[in-house]
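Per the numbering used here, the very first residue in the sequence shown carries number 12; after that it's consecutive.
Input: a single structure, listed below in structure tokens.
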Amino acid sequence: AGFSRKIAEAEIEVKAMEMTEHRVMAELAGGKNPGPASSMLKTCGTEIRQRLDEIAVETIAYYAGVEQRMAREPGSNVEPIGPADGLIFMPSYLNYRAASIYGGSNEVQRGIMAKLVLGL
């Protein structure tokens, strides 16, 4: 898919998740149990975040592969290689790879959703 399409698809996923979150919050405010929606939000949220990080890394291309910890240090005089705004893209990408594992792996969350929704 083209880059513009990736961004559009990610925006649609974010909006869909936002609507689901509003629905869950309304149910909670009404004293209802959110059911499998909390597992779904965790799973979708981590996958969307990882996809957004992939898009961000793609925007800075080969600059993402350069280790630039010193350029990110507050007060450092080290000039970044490539766009300064892109300095956080690769660290974020690498850090959030774990998001689909901590808090219950996405596979475990899918199992919880299957049990709650399908009664398995």
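For every residue, glycine included, the Cβ atom is placed at its ideal position computed from N, Cα and C.
Since we're looking at a predicted model, the values are computed, not measured.
K53 and A109 have their C-alpha atoms spaced approximately 13 Å apart.
With contacts defined as CB atoms closer than 8 Å, G46 and M28 fail to qualify as a contacting pair. Boundaries of the alpha helix (DSSP H) harbouring Q120: N117 to L129, taken from the DSSP string. The C-beta separation of Y107 from Q61 comes to about 6 Å, placing the pair in contact by the 8 Å criterion. Judged by their CB atoms, I66 and G97 are not nearer to each other than the 8 Å cut-off.
Collapsing the DSSP output to three states places I18 in a helix. When DSSP states are grouped into helix, strand and coil, S111 belongs to the helix group.
Within the model, the alpha-carbon separation for R80 versus P94 is close to 14 Å. Restricting attention to alpha helix (DSSP H) runs no shorter than 4 residues, the stretch 61-102 encloses them at 80-83, ordered along the chain. Cβ neighbours of Y74 within its own chain (closer than 8 Å, five residues either side excluded): I92, G93, P94 and G97.
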